[in-house]
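Novice: This structure is in structure tokens; I'll ask about it shortly.
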Amino acid sequence: MRCQAGESGVSCSHLSIYEVTSQCSNPRITSSLLTQVDVTLDPDTAHPKLILSEDRKQVRCGDIWQHLPDNPERFDISVCVLGKEGFSSGGFYHEVQVKEKTGWSLGVARESINRKGTIYLNPEDGYWTVMLRNGDYWAGAVPPVPLYLKEKPQKVGVFVHYEEGQVSFYNIEARSHIYSFTGCTFTEKLYPFFSPGNNYTGRNSSPLVITPVDVTD
């Protein structure tokens with residue numbers, strides 16, 4: 014798998030969906046190819062310590078293990094949750110607010126991932142992610158790739174183009190590229206992936222928030 018990382022030199026207030034596609038590695042990928050989707054969280058996949066908002070747009074980790082059915086779709090060790098809808102063609106994009114958090118993971122996961130036991134956030138195990146751990150940013154590759162970001166992301170954009178085998182991440186407010194997985198081969202549905210990280214007695218209690226996408230040209 015070939016991976017690329019870097020930052021853009023654009024200098025305005027924040028990225029729109031049109032500008033995200035213009036910065037992709039393949040010039041044929043344009044905003045018109047994106048599937049406009051309303052990403053919501055799937056409660057049937059949520060770890061029992063995760064607390065989802067009523068509108069399924071926010072997730073945070075609590076301190077109490079909720080009594081929930083141990084269905085096959087549910088993560089039982091790692092504090093993760095998937096998006097409700099999966100995608101198997103075209104391009105899709107969503108944005109997630111991560112401000113005031115000390116740990117998080119975001120990206121996409123293939124449908125057949127193992128939800129039980131310890132999970133490993135790398136493409137070989139079906140995850141394409143970036144994350145914040147102990148003050149450092151990483152891409153979930155093998156081995157993990159350290160990300161040296163000039164500005165701490167407050168909102169992260171996740172862009173996927175299925176046929177092109179591309180997963181890219183953007184710092185929306187800083188208008189910069191965080192990391193891209195390219196040359197991937199997808200053969201099954203991909204789902205948005207979210208982990209707000211453990212609560213750590215309130216030190217990482219802020220939620221991940223799926224936010225509206227700026228579609229202005």
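Numbering-wise, the working numbering comes out as the position in the sequence shown, counting from 1, plus 13. For glycine and all other residues, C-beta sits at the position ideal for the given N, C-alpha and C. Computed from a prediction, not measured in an experiment: that's the story for all the values here.
Per DSSP, which one or two residues make a beta bridge with Glu124?
Specialist: Residue mapping note: residue 124 aligns to position 111 of the sequence shown, counting from 1. For Glu124, which the question treats as bridged, DSSP gives no partner whatsoever.
Novice: The beta strand (DSSP E) spanning His174 covers which residue range?
Specialist: By 1-based counting over the sequence shown, the position of residue 174 is 161. Note, His174: beta strand (DSSP E), Lys168 to His174.
Novice: Starting from the Cα of Val180, find the closest Cα among Ile64, Pro205 and Ala187 and give me that residue.
Specialist: Counted from its first residue, the sequence shown places residue 180 at position 167. Ranking the options by Cα distance to Val180, first place goes to Pro205.
Novice: Would DSSP call Thr214 helix, strand or coil?
Specialist: Here residue 214 is taken as the residue at index 201 of the sequence shown, counted from 1. In the structure shown, Thr214 sits in coil (DSSP, three-state: anything other than H, G, I, E or B).
Novice: Quick one, which of Cys93, Val72, Phe88 and Trp117 has its alpha-carbon nearest Asn147's?
Specialist: Looking up residue 147 in the sequence shown gives position 134. Here the closest residue by C-alpha is Trp117.
Novice: State the Cα-Cα distance for the pair Tyr175 and Asn212, rounded to the nearest angstrom.
Specialist: The residue given as residue 175 occupies position 162 in the sequence shown. The residue given as residue 212 occupies position 199 in the sequence shown. Cα-Cα distance, rounded: 33 Å.
Novice: Since Val94 contacts Asp55 with CB under 8 Å, what's their CB separation in whole angstroms?
Specialist: Within the sequence shown, numbered from 1, the residue matching residue 94 stands at position 81. Within the sequence shown, numbered from 1, the residue matching residue 55 stands at position 42. Right, the Cβ-Cβ distance comes to about 7 Å (below 8 Å), so this counts as a contact.
Novice: Pick helix, strand or coil for Pro205, following the three-state DSSP scheme.
Specialist: As a position in the sequence shown, residue 205 is number 192, starting the count at 1. Residue state, collapsed to three classes: strand.
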